[in-house]
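The next block holds one structure in the form of structure tokens; read it before the comments.
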């Protein structure tokens, strides 16, 4: 699906559970500044498998969006219109609530590093139609929003360095409600993704000890004279050790 945002076209991406698991087991490059990331789109929204993110009160977080926006651009998310600060990177999460959906907005300056996510600014809006700022967020708001921001940035990095994981258009049918909100089918990330497995002999045999070797992003030299650098993703590996 895609979402019109001012002059921007935001894709909505359904994230395969196995890719999501690999990203969650990957350490983000904490010293990387947000303005050093090559964004494939001004913003991306991710539809998440059930159980990925959950608010202790408001329930399941079914999708989130992360964007690089200027302060004069208004962004329609979950029926609200939210003003974004300049310059900033904003992450929005929509949790399913009763009776109304709740939108959590996060913002960080572009000069911040991923390690600064703990100091992000959090706003909370409630209602599908009239944005109402709630001055006293629930304690779990910051926890969920921080987890969403971290996961969103790792997904963004993974799809930037591994663009083959991001598929083109696919047909999921036509829904009137989606058409009214401006969302239309577009992309799938990591369909058919499988974990890397290594080890001595049969990694699935009896007595084999299994553990995860966490993934990470690394800057690697390349090009003539290896004077250029590019970011690569070393994915997590399930390691089987013989007893």
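Residue numbers (the numbering used here): 1143 to 1385.
Just so you know, even glycine gets a beta-carbon here, dropped at the ideal spot from N, CA and C.
- Relative to residue 1166, the option among 1195, 1186, 1175 whose CA is nearest is 1195.
- By the criterion of a C-beta distance shorter than 6 Å, residue 1300 is surrounded in its chain by 1165, 1375, once the five residues flanking it on both sides are discounted.
- For residue 1166, the uninterrupted alpha helix (DSSP H) run begins and ends at 1159-1166, by DSSP.
- Apart from sequence neighbours up to five positions away, the residues of its chain that approach residue 1159 with a beta-carbon distance below 7 Å are 1191, ordered along the chain.
- Between residue 1293 and residue 1186, the gap from beta carbon to beta carbon reaches 8 Å or more.
- Here residue 1173 is exposed. Its C-beta has fewer than 16 other C-beta atoms within 10 Å.
- Counting C-beta atoms within 10 angstroms of its own C-beta, residue 1334 has fewer than 16 neighbours from the protein chains shown and is therefore classed as exposed.
- Inter-residue distance for residue 1331 and residue 1368 is about 31 Å (C-alpha atoms, whole angstroms).
- Between residue 1309 and residue 1329 a beta carbon distance of about 6 Å is seen, short of the 8 Å cut, so the two are scored as contacting.
- Taking the Cα positions, residue 1296 is about 11 Å away from residue 1208.
- Under DSSP, no beta-bridge partner is assigned to residue 1368.
- Bounds of any alpha helix (DSSP H) do not take in residue 1183, whose DSSP letter is neither H nor E.
- The Cβ neighbour count for residue 1253, taken over all protein chains shown within 10 Å, is under 16; the residue is labelled exposed.
- Shown here, residue 1175 sits in a strand according to DSSP, grouped into three states.
- A straight line joining the alpha-carbon of residue 1371 with that of residue 1365 spans about 8 Å.
- Taking each of 1291, 1377, 1257 in turn and checking the Cα distance to residue 1304, the smallest one comes out for 1377.
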